[in-house]
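Read through the structure below, which is laid out as structure tokens, and then see the notes.
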Amino acid sequence: MNVVVGGRGTLLTDLLGTTLTAHGHAVTLGPAAREGLVAVVAAVGPDLVIADHLADADRDVAVFVRALREAGGGRSAVLVLTSDDLRSSVDAALAAGARAYLHRSHGVESLLRALRRVAAGEIVISAPRTPVDQDPAGAHARRLVSLLTEREIECLALLVEGVSTREMERRLGIATLTVRSHVQSMLSKLGVHSRLEAASLAVRHDLLVGRALPSRAG
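Using the numbering used here, read the sequence shown as starting at 7 and increasing by one per residue.
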């Protein structure tokens, strides 16, 4: 994988660059500031950009992510590395097209796992969790997910994996029209308008933790 890491000079990004190279990835270390990093992404055209948005003078994460995606021609996945754990920032990054949002406190190993999941097409959020009793949005999401049927839960889990309708049909052993029916019903119950929104909601609030998920085999 061709990776650009934004944040040269910081211990974590330098260590990350060395670690990724050791794992066989082609790594370019870029500057932390948005303008310079955008130029590097435009020149390299990487598969993935790992960017610390709080190292940039412009702290609007949505603007930061959109600029990186545009520089990569929409083909470069963006992983936001940050010390900002605000839910509003997570939402803004995902809405702007980020594939992952990772808190710096989780370290290099967690970031490497996130990279593998992004490469597999998943959306990854790894940020300090707000306690349940202080998270009304999470409590509301859990109430909504309790309305889903088991089949709809399975569809939601596959959306988090980023699989296509055809792959969902194969994995669940049901017809395409049935898959679409389950997905539409699930979206309606969760009060979201797209598959990406549903997947983001599930990841953000750990809605699938402890649930049996569909097997890859079959």
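Just so it is clear, CB atoms sit at the ideal spot from N, CA and C, and this is done for glycine as well. Only a predicted model underlies this, so the values are computations on that prediction, with no experimental measurement involved.
In this structure the region 50-59 lies against the region 67-87, because at least three pairs of beta carbons, one per stretch, are closer than 8 Å. DSSP places Asp97 outside any beta strand (DSSP E); the residue lies instead in the alpha helix (DSSP H), whose first and last residues are 93-101. Leu213 has its alpha-carbon roughly 6 Å from the corresponding atom of Arg148. The continuous beta strand (DSSP E) containing Val130 extends over residues 130-132.
With fewer than 16 other Cβ atoms inside 10 Å of its own Cβ, Leu21 counts as exposed. In this structure, Val11 lies near Gly36, with their beta-carbon atoms less than 8 Å apart. Where Val169 is concerned, there is no enclosing beta strand (DSSP E), because DSSP gives it neither an H nor an E. Excluding five sequence positions before and after Asn8, the CB atoms of its chain that fall closer than 6 Å to its own CB belong to Ala32, Pro52, Asp53, given in chain order. Judged by their CB atoms, Val44 and Thr34 are not nearer to each other than the 8 Å cut-off.
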